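Here's the structure, in structure tokens; my notes come after.
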Amino acid sequence: GAAVLNSATDANALAAADTYIEHFRQGPATLTLLGETQPLRNSPVRIRLKRHAFNFGTAVSGVSLGDPGSSWLRGTSTNDINYRNFVLGNFNAIVPENAGKWPHNELRRGVVTLDYLDSLMKFAALNGLRLRMHGVLWDVDKPDWVKALQDTALNGTTAGERDRAKLDLRGAISQRIQYFVRERSPRYFELDVINESVHSPIYYRIFGLDGVAGIYNEAKAAVAAAGAATRLVPNEFAVFQTSEGTDDPYANWYREHVETLRNAGGAVDGIGIQYYAVDGGPPRIRDPHSPSRIAQVLHNLATVNLPLSVSEFGVQKYNGPTPQRAADMLADTLRVC
Numbered sequence: 021g022a023a024v025l026n027s028a029t030d031a032n033a034l035a036a037a038d039t040y041i042e043h044f045r046q047g048p049a050t051l052t053l054l055g056e057t058q059p060l061r062n063s064p065v066r067i068r069l070k071r072h073a074f075n076f077g078t079a080v081s082g083v084s085l086g087d088p089g090s091s092w093l094r095g096t097s098t099n100d101i102n103y104r105n106f107v108l109g110n111f112n113a114i115v116p117e118n119a120g121k122w123p124h125n126e127l128r129r130g131v132v133t134l135d136y137l138d139s140l141m142k143f144a145a146l147n148g149l150r151l152r153m154h155g156v157l158w159d160v161d162k163p164d165w166v167k168a169l170q171d172t173a174l175n176g177t178t179a180g181e182r183d184r185a186k187l188d189l190r191g192a193i194s195q196r197i198q199y200f201v202r203e204r205s206p207r208y209f210e211l212d213v214i215n216e217s218v219h220s221p222i223y224y225r226i227f228g229l230d231g232v233a234g235i236y237n238e239a240k241a242a243v244a245a246a247g248a249a250t251r252l253v254p255n256e257f258a259v260f261q262t263s264e265g266t267d268d269p270y271a272n273w274y275r276e277h278v279e280t281l282r283n284a285g286g287a288v289d290g291i292g293i294q295y296y297a298v299d300g301g302p303p304r305i306r307d308p309h310s311p312s313r314i315a316q317v318l319h320n321l322a323t324v325n326l327p328l329s330v331s332e333f334g335v336q337k338y339n340g341p342t343p344q345r346a347a348d349m350l351a352d353t354l355r356v357c
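Counting in this note's numbering, the sequence shown tops out at residue 357, every number present.
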């Protein structure tokens, strides 16, 4: 007399998430407190959660110690104190929104400025916060001198000129891996190696698949040399939404990208998923928020057998969802993930 409910509805996806939470994410435990020889009896006991296994994080502002956006880290104004207290009171992980990007670390070649990033790492360590790092390479935000090398590597007038630029750029990436990964990876648990490389594949165009795998492997060697256990991941947007002209509700395009990189020998330790939810969206993001589609994508990506991270989350203002609707979209995402 049973019926199989296998339709891909939001209600089923959320019910399945609740069932999994109830039966696999929580359960009974027995705690025995011992005195010198016997269990303590009739003694008051207070149990307090000290550390949560999940990373509940937020991006934090600032790019340098002189930047107004970084004043929250040390400032004494009401706004600074409120910002700091909100971060400490609501999250157990943080990620620098912009401070880890190449232009803010090495705007001029060879002049490395990591004062704010190092202060942020120290703040996280002192306050028991986990730190996620974003990120080594990103084609959208890069120093002008990097862009010049990229342009020459792709469009130089002679093969020799292109090869020299390619070699020079690869050397610059190695130097960045040295100061960004080798010297600092013990301070963060996960790192975006190449951000949005499917949507902006310039490093694939310059170095090819094997060359990109080599970048991941060099970063992995730097993590090992530092004695760290940092996960190295790609990071992409539009994963939970059919978008960019792709009719693919399961995000096979991203799964195949990760599998191809791993098959080439790339040291990929996890999968980073950005989600900027919409309640009915612009033409390039056709599908509104859907717990069912999130569940389908997660099940599909899980076949790669790597940890999955929701690396970025936000609710877009398109169609102006109410604060309550935005909160519901966040709650749905957390439940399913």
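The beta-carbon is built from N, C-alpha and C at its ideal position, and this holds for glycine as well.
The structure displayed is predicted, hence computed values, not measured ones.
Task: Contact check, R182 vs A173, beta carbons under 7 Å - done: Taking the sequence shown and counting its residues from 1, one reaches residue 182 at position 162. Taking the sequence shown and counting its residues from 1, one reaches residue 173 at position 153. Contact flag set, yes.
TODO: Under 8 Å by Cβ, that's how I've got D299 and L252 pegged, so tell me the actual separation to the nearest angstrom.
DONE: For the purposes of this step, residue 299 is taken as residue 279 along the sequence shown, with counting starting at 1. For the purposes of this step, residue 252 is taken as residue 232 along the sequence shown, with counting starting at 1. So it is not a contact: roughly 34 Å between Cβ atoms.
Task: Opposing strand residues paired with Q294 [DSSP bridges] - done: Within the sequence shown, the letter at position 274 stands for residue 294. Beta-bridge pairing links Q294 to E332.
- [ ] Return the bridge partner residues of N215 from the DSSP annotation.
- [x] Your numbering for residue 215 matches position 195 in the sequence shown. Beta-bridge pairing links N215 to W158 and N255.
Task: Residue nearest to F227 in terms of C-alpha spacing, selected from L127, H219 and L189 - done: Residue mapping note: residue 227 aligns to position 207 of the sequence shown, counting from 1. F227 has its Cα closest to that of L189, out of L127, H219 and L189.
- [ ] Just mark F44 as buried or exposed, buried being the case when its beta carbon has 16 or more other beta carbons within 10 Å.
- [x] Against the sequence shown, residue 44 aligns to sequence position 24. That one is exposed.
- [ ] Using beta-carbon positions only, say whether A242 and V213 come within less than 7 Å of one another.
- [x] Residue numbering aside, residue 242 sits at position 222 when the sequence shown is read from its first letter. Residue numbering aside, residue 213 sits at position 193 when the sequence shown is read from its first letter. The answer is no: Cβ separation not under 7 Å.
Task: Backbone secondary structure at P206 - three-state DSSP - done: As a working note, residue 206 is residue 186 in the sequence shown. In the structure shown, P206 sits in a helix (DSSP, three-state: H, G or I).
Task: Beta-carbon proximity check, G334 vs Y296, cutoff 7 Å - done: Here residue 334 refers to the residue found at position 314 when the sequence shown is read from its first residue. Here residue 296 refers to the residue found at position 276 when the sequence shown is read from its first residue. Contact: yes.
- [ ] Could you tell me whether the stretch 84 to 101 touches the stretch 38 to 52, using the rule of 3 or more Cβ pairs below 8 Å?
- [x] no
Open item on the list: Distance check for A79 and L281, CA to CA, integer angstroms please.
Closed with: By one-based count along the sequence shown, residue 281 stands at place 261. By one-based count along the sequence shown, residue 79 stands at place 59. Cα to Cα, the separation comes out at about 27 Å.
Task: R150, buried or exposed, once every other Cβ within 10 Å from all chains shown has been counted against 16 - done: The residue given as residue 150 occupies position 130 in the sequence shown. The residue is buried, with at least 16 neighbouring Cβ atoms inside 10 Å.
Task: Inter-residue CB distance, A439 and G285 (contact presumed, cutoff 8 Å) - done: Nothing can be reported for residue 439: it is not among the residues displayed for the chain, which extend from 21 to 357.
Task: Reference V156; option with closest CA among E126, Y136, D268 and S139 - done: Start at 1 with the first residue of the sequence shown, and residue 156 comes out as number 136. Comparing Cα-Cα distances from V156 to each of E126, Y136, D268 and S139, the minimum goes to E126.
TODO: Give the secondary structure of T133 by DSSP, where H, G and I count as helix, E and B as strand, and everything else as coil.
DONE: Mapped onto the sequence shown, residue 133 falls at position 113. Residue state, collapsed to three classes: coil.
Task: Coarse secondary structure for A351, derived from DSSP in three states - done: Translated into positions along the sequence shown, residue 351 becomes position 331. In this structure, A351 counts as helix in the three-state DSSP scheme.
Open item on the list: Using 7 Å as the threshold, is the C-beta distance between A113 and N75 below it?
Closed with: Position 93 of the sequence shown, counted from the first residue, corresponds to residue 113. Position 55 of the sequence shown, counted from the first residue, corresponds to residue 75. Contact: yes.
Task: Bounding residues of the alpha helix (DSSP H) (the contiguous stretch that carries P59) - done: Position 39 of the sequence shown, counted from the first residue, corresponds to residue 59. Run containing P59: none; DSSP gives neither H nor E here.
- [ ] Give a yes or no on whether the C-beta atoms belonging to A185 and G176 are separated by under 7 Å.
- [x] Locating residue 185 in the sequence shown gives position 165, counting from the first residue. Locating residue 176 in the sequence shown gives position 156, counting from the first residue. Closer than 7 Å, so yes.
- [ ] Could you check what DSSP says for T311 in three-state terms: helix, strand or coil?
- [x] Locating residue 311 in the sequence shown gives position 291, counting from the first residue. Checking the sequence shown, residue 311 turns out to be Pro, not Thr. Here P311 sits in helix by DSSP.
Task: Cut-off 7 Å between Cβ atoms - residues of its own chain near G120, not counting five sequence neighbours on either side - done: Numbered from its first residue, the sequence shown carries residue 120 at position 100. Same-chain partners within the cutoff: L137, M153, H154 and G155.
Task: DSSP three-state assignment for T342, whether helix, strand or coil - done: Position 322 of the sequence shown holds residue 342. Correct three-state label for T342: coil.
Task: Cα-Cα separation, T262 to H124 - done: Working through the sequence shown from its first residue, we reach residue 262 at position 242. Working through the sequence shown from its first residue, we reach residue 124 at position 104. Those two C-alpha atoms are separated by around 32 Å.
TODO: Could you spell out the range, first to last residue, of the alpha helix (DSSP H) harbouring I101?
DONE: In the sequence shown, the residue the question calls residue 101 occupies position 81. From DSSP, the alpha helix (DSSP H) with I101 extends over T98 to N110.
- [ ] Classify G77 as helix, strand or coil using the three-state DSSP reduction.
- [x] Here residue 77 refers to the residue found at position 57 of the sequence shown. Here G77 sits in strand by DSSP.
Task: P327: first and last residue of the uninterrupted beta strand (DSSP E) it sits in - done: Here the question's residue 327 lines up with position 307 in the sequence shown. First-last for P327: undefined, no H or E at that position.
Task: Cβ-based burial, P88 [other Cβ within 10 Å; buried from 16] - done: Residue mapping note: residue 88 aligns to position 68 of the sequence shown, counting from 1. It is exposed - the Cβ of P88 has fewer than 16 other Cβ atoms within 10 Å.
Task: According to DSSP, residues forming a beta bridge with V115 - done: One-based indexing of the sequence shown puts residue 115 at position 95. DSSP, once it has assigned bridges, lists A79 as partnering V115.
TODO: Can you check DSSP and say which residues form a bridge with M153?
DONE: Start at 1 with the first residue of the sequence shown, and residue 153 comes out as number 133. BP columns for M153 point to L211.
TODO: Would you mind stating whether V317 and F260 have Cβ atoms separated by less than 7 Å?
DONE: Locating residue 317 in the sequence shown gives position 297, where the first residue counts as 1. Locating residue 260 in the sequence shown gives position 240, where the first residue counts as 1. Yes.
Open item on the list: Rounded to whole angstroms, what is the Cα-Cα separation between P311 and D268?
Closed with: Here residue 311 corresponds to residue number 291 of the sequence shown, with the count starting at 1. Here residue 268 corresponds to residue number 248 of the sequence shown, with the count starting at 1. Answer to the nearest angstrom: the Cα atoms are 16 Å apart.
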